[in-house]
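Colleague: Heads up: the sequence lines are chains A and B, in that order.
Residue 23 is where the first sequence starts when you use the numbering used here, and the numbers rise one by one after that.
Residue 60 is where the second sequence starts when you use the numbering used here, and the numbers rise one by one after that.
Have a look at the structure that comes next, please.
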Amino acid sequence: MDGHRHVDAMNDPSLDREIESLLATEPSTEFLARVRARVAEEPTPNRWRASWTFAAATAVAAAIVALTVWPSSEPAPSSSAPVEVPRIAKSVETITPPPSSAAPTRLPTERTTARAVVVAASSDRALEIDLPEVVVADNEKIAFATLVAKIRQSRFEPAVPAAPDLDTPLEIKALPAVEPIEIEPIVKVAVLQTEGERP
Amino acid sequence: MHERADRLASTFVTVDEDLAREFEARLVESSTLAFRVAFSVLRQREDAEDVAQEAFAKAYRSFRQLRDRERFRAWLVRMTFRMAIDRQRANRRRFVREQVIEIARETTGDTVVEQERAEQLWRAIDALPEKLRLTIVLAGIQGHDIREVATLLDVPDGTVKSRLFLARKQLRERLSWMATDTSTR
Numbered sequence: 023m024d025g026h027r028h029v030d031a032m033n034d035p036s037l038d039r040e041i042e043s044l045l046a047t048e049p050s051t052e053f054l055a056r057v058r059a060r061v062a063e064e065p066t067p068n069r070w071r072a073s074w075t076f077a078a079a080t081a082v083a084a085a086i087v088a089l090t091v092w093p094s095s096e097p098a099p100s101s102s103a104p105v106e107v108p109r110i111a112k113s114v115e116t117i118t119p120p121p122s123s124a125a126p127t128r129l130p131t132e133r134t135t136a137r138a139v140v141v142a143a144s145s146d147r148a149l150e151i152d153l154p155e156v157v158v159a160d161n162e163k164i165a166f167a168t169l170v171a172k173i174r175q176s177r178f179e180p181a182v183p184a185a186p187d188l189d190t191p192l193e194i195k196a197l198p199a200v201e202p203i204e205i206e207p208i209v210k211v212a213v214l215q216t217e218g219e220r221p
Numbered sequence: 060m061h062e063r064a065d066r067l068a069s070t071f072v073t074v075d076e077d078l079a080r081e082f083e084a085r086l087v088e089s090s091t092l093a094f095r096v097a098f099s100v101l102r103q104r105e106d107a108e109d110v111a112q113e114a115f116a117k118a119y120r121s122f123r124q125l126r127d128r129e130r131f132r133a134w135l136v137r138m139t140f141r142m143a144i145d146r147q148r149a150n151r152r153r154f155v156r157e158q159v160i161e162i163a164r165e166t167t168g169d170t171v172v173e174q175e176r177a178e179q180l181w182r183a184i185d186a187l188p189e190k191l192r193l194t195i196v197l198a199g200i201q202g203h204d205i206r207e208v209a210t211l212l213d214v215p216d217g218t219v220k221s222r223l224f225l226a227r228k229q230l231r232e233r234l235s236w237m238a239t240d241t242s243t244r
C-alpha cells in the first residue's frame, strides 16, 4: 500500500532521481588498469592498418591505370621507325606433294585457324590476334603443294609469257570442213499417225 | 637519405604517441560512462566491467576514425549498450534470479522496501523499448542534460525530449501496475 502511494506521488524529478541513484554505481578500482592491460594486448591499430590500406589502394590504382593506359602505350608509327609487319603465323603441317605420276589422292579435309602475329621490330613483345577460320579446299591445297614442289625442284617455269603485239594482224587459221548430216525420220511416229491411234 | 628515413620514422612514433595519449584521455573520461551503460543493462558489476573493457578494446582498434571526443563517446555508448544487450541475452540462458536481488541490495543497500522498489524500477526499465531505455539511462547517468544525451545518441534534442516523455510515462504506468499488483497480493 505504501508502495502504491509512493508511485502516485511520483513526478518526473523524483523518478529521475531514483533512476540516477540506481545508476550511481562506480566501477571497481582495478577497472581502469584492466582496460589498459586489455588495450595493450591489441595490435597497434594505426600504422600497420594504414599502411596495408595504403598498399591495397595503391595496387588497385596501379592496376586501373595500367589497364587504362595499355592500348595507348603502343608506340605510334613514325616514318623513321621500322614498320611492324604483320606476319601470318599459321600452324600448317608440312604437306608433301603427291607423286606426279600417281593419281591425286584425296586428303582429309582440314580446318585451320590462321593467327596473325604482329612482331614489333623494336621490342620482343608479340601481339597475337585471332582471325576468323579459313577453309581451304582439298584440291587447292594439293595444287598449291604440287606447285611449290615443282618450283623447288626447278621443274616449273615461272616466267610470264610475253604479251601479244597489238600491231601484228591477227592470223585466222582455216576451219576444218564440216560434212553434211543426214537426219532420218522417226518411223514409229509415222506409223502411229497412219493407224489413227491418236486419242 | 638516412636522415629523411629517420625523420619519417620519428614522425610515425610521434603520431603513435599522440594517439596513445589521446586514447588514454578518452579512456579516463569515458570509462565510468561505459561502465554505467553496461551496468544499466546487466546490473552485475563484473559483467559490466567485462563489456566496457571489450568496448574500449574495439574502440582502440578503430581509434583513428574516433579521435573526435564527441564522436568517440557516442560510439562508445552505442557499442557498449549493444554489447551489454548481447551479453544479457547470453546470460538469460543461465539466468539466476537471486543475482538481481543481490545486486539491488548492493546498489541501494537500504531497507527491504527500498530494495523491492529498486527491483521494480529495474524491471520497468528493462521492459522499455531499447531506444527509450538507452535514452532514460543516459539521462540518468552523471546528470546528462538533453543536449548531451542528444549528442551521445546522435539525434535531435526534440527526439530526446519525446523519448524521455514516453519513457517516463511508460515507467510510471508499469510501476503503478506493479505497486497495485503487490498491494493486492
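Where a beta carbon is used, it is the ideal one built from N, C-alpha and C, also for glycine.
All values derive from a computational prediction rather than experimental measurement.
Which residue comes first and which comes last in the alpha helix (DSSP H) that contains residue 168 of chain A?
Modeller: Note, residue 168 of chain A: alpha helix (DSSP H), 160–174.
Colleague: Interface residues of chain B around residue 36 of chain A at Cβ under 8 Å?
Modeller: Going along chain B, no residue has its Cβ under 8 Å from residue 36 of chain A, so there is no contact; the nearest lies around 10 Å.
Colleague: Closer than 9 Å by beta-carbon distance: list the chain A residues that pair up with residue 196 of chain B, in chain order.
Modeller: Per Cβ cutoff of 9 Å: 41, 45.
Colleague: Let me check understanding here. Comparing Cα to Cα, which of B:84, B:209, B:201 lies closest to residue 190 of chain B?
Modeller: It is B:209.
Colleague: Where do the N-terminal and C-terminal ends of the alpha helix (DSSP H) with residue 189 of chain A fall, by residue?
Modeller: Residue 189 of chain A -> no alpha helix (DSSP H), and no H or E assigned at all.
Colleague: Tell me the DSSP secondary structure of residue 156 of chain A in three-state form.
Modeller: In the structure shown, residue 156 of chain A sits in a strand (DSSP, three-state: E or B).
Colleague: Starting from the Cα of residue 122 of chain B, find the closest Cα among B:80, B:96, B:200, B:142 and give me that residue.
Modeller: Taking only the C-alpha atoms, the option nearest residue 122 of chain B is B:80.
Colleague: Return the residue from the list B:193, B:116, B:180, B:218 that minimises the CA-CA distance to residue 137 of chain B.
Modeller: That would be B:193, whose Cα lies nearest to the Cα of residue 137 of chain B.
Colleague: From residue 56 of chain A to residue 89 of chain A, what does the alpha carbon distance come to, in whole angstroms?
Modeller: One C-alpha to the other measures close to 52 Å.
Colleague: Whole angstroms is fine: what's the gap from residue 52 of chain A's alpha carbon to residue 100 of chain B's?
Modeller: Straight-line Cα distance between these residues: approximately 21 Å.
Colleague: Nearest to residue 161 of chain A by CA position, among A:154, A:155, A:169, is which residue?
Modeller: Of A:154, A:155, A:169, the residue nearest in Cα terms is A:169.
Colleague: Given residue 90 of chain B, which residues of its chain have a CB within under 8 Å of its CB, disregarding the five upstream and five downstream residues?
Modeller: Within the same chain, residue 90 of chain B has close Cβ partners 111, 115.
Colleague: Taking the alpha-carbon positions, what's the residue 171 of chain B to residue 177 of chain B distance?
Modeller: When rounded, the distance between both Cα atoms is 10 Å.
Colleague: So with CB distances below 7 Å, who are the chain A contacts of residue 143 of chain B?
Modeller: The premise fails here: residue 143 of chain B is roughly 13 Å from chain A at the closest Cβ pair, so nothing lies under 7 Å.
Colleague: Are residue 230 of chain B and residue 183 of chain B close, meaning C-beta to C-beta below 8 Å?
Modeller: Closer than 8 Å, so yes.
Colleague: Can you tell me which of B:142, B:225, B:181 puts its alpha carbon nearest to the alpha carbon of residue 40 of chain A?
Modeller: It is B:181 whose Cα lies nearest to the Cα of residue 40 of chain A.
Colleague: Residue 200 of chain A lies in the alpha helix (DSSP H); which residues open and close that run?
Modeller: Taken as a continuous stretch (DSSP letters only), residue 200 of chain A belongs to no alpha helix (DSSP H), as it is neither H nor E.
Colleague: For residue 200 of chain B, does the count of other Cβ atoms within 10 angstroms reach 16, so buried, or fall short, so exposed?
Modeller: Classification of residue 200 of chain B: buried, given that the 10 Å Cβ count is 16 or more.
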